[in-house]
Amino acid sequence: MNLLQRKEDSDYRAAMGQLLVLYTQVDRLIMEACAERIASAPDEEAKLGLAKQVGDESRHVNIQREWMKKFGSSQAPIISKQQEATILDHFRQLDWRDFLADMYLCVEALGSDAVEQVVPLVDPGTKESLRIPLQDELDHIAFGVNRMKQELSHMASAEREAFLSRIPERIQTLNQSFHAMGVNVRVLFEAVGADYDELCKSVLQRKDEVLKEVSKPLAA
Ligand SMILES: [Fe+2]
Ligand SMILES: [Fe+2]
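Here the sequence shown is numbered in our numbering, starting from 2 and rising by one per residue.
Written as structure tokens, this is what we have:
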């Protein structure tokens, strides 16, 4: 291995390591926000769905922590304790509909789209560590989309339109607060070989798809 390759390899490891820490911290926060939500969830089906997700996210945190140990990069947190508290507080204050929008349409659907974009570029061990988590995220998104459709089906059409039209704004606000936390995601994604502008394009496209999906009526 020449010096340049070694430098590239260490840049890759450092950046991938940070992305793994970030993903694990986000999963850990989702676990906690969903656990807190069980008590006030509107019905039994929602409680069971949230509880399943809490178990899934806990499993993801374990899988990823085990992998990070083997991967050998720094496990120093990217999101500070204070920032974590602010994020949990945000989710705590949302009513059920806004919780569904922020948690499932934004964090779960768009977050996992960003992760999926890097999967083809990563080393085999990291790829394997993401396999089960990404599979489960599909379940979580399906739960959120389905519950969102239920909510929309109870709204009068003007309320429904107003609610749907506010979702892109909610996503933008969350995205801005994420960037304001000071994590330079562009640098991290580029260091693992991703085209960051393409990645953003894909996430935006995913946003349109998921919005279209929730706007469709519930299957009978
Ligand atoms: Fe997860
Ligand atoms: Fe999830």
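Each residue gets a CB set at the ideal place from its N, CA and C atoms; glycine is no exception.
As the structure is a prediction and not an experimental result, all values here were calculated from the model.
Ligand 2 and residue i: does any heavy atom of the ligand fall closer than 8 Å to the residue's C-beta?
i, result
"glutamate 37", "no"
"histidine 141", "yes"
"glutamine 65", "no"
"histidine 61", "yes"
"glutamine 94", "no"
"glutamine 26", "no"
"isoleucine 133", "no"
"serine 130", "no"
"glutamate 109", "yes"
"glutamine 54", "yes"
"serine 113", "yes"
So is the beta-carbon of residue i under 8 Å away from any non-hydrogen atom of ligand 1?
i, result
"aspartate 137", "yes"
"aspartate 57", "yes"
"aspartate 12", "no"
"proline 169", "no"
"isoleucine 80", "no"
"isoleucine 31", "yes"
Compare the beta carbon distance of residue i and residue j with 9 Å and say whether it is the shorter of the two.
i, j, result
"glutamate 138", "glutamate 170", "no"
"arginine 207", "leucine 49", "no"
"aspartate 140", "valine 204", "no"
"glutamate 45", "serine 130", "no"
"alanine 135", "leucine 153", "Reading off the sequence shown, one finds leucine at residue 135, where the question assumed alanine. No, the pair does not count as a contact, with Cβ atoms beyond the cut-off."
"valine 184", "isoleucine 39", "no"
"valine 123", "valine 193", "yes"
"methionine 149", "leucine 106", "yes"
"valine 55", "cysteine 35", "yes"
Classify residue i as helix, strand or coil using the three-state DSSP reduction.
i, result
"aspartate 137", "helix"
"asparagine 185", "coil"
"valine 108", "helix"
"valine 211", "helix"
"glycine 18", "helix"
"valine 27", "helix"
Does the stretch 89-101 come into contact with the stretch 197-214, if we say contact requires no fewer than three beta-carbon pairs (one atom in each stretch) closer than 8 Å? no
Is the stretch 4-20 touching the stretch 61-74 in the sense that three or more CB pairs, one from each, lie closer than 8 Å? yes
Three or more beta-carbon pairs under 8 Å between the stretch 49-66 and the stretch 21-35, yes or no? yes
Can you find at least 3 beta carbon pairs, one from the stretch 82-93 and one from the stretch 117-125, that sit closer than 8 Å? no
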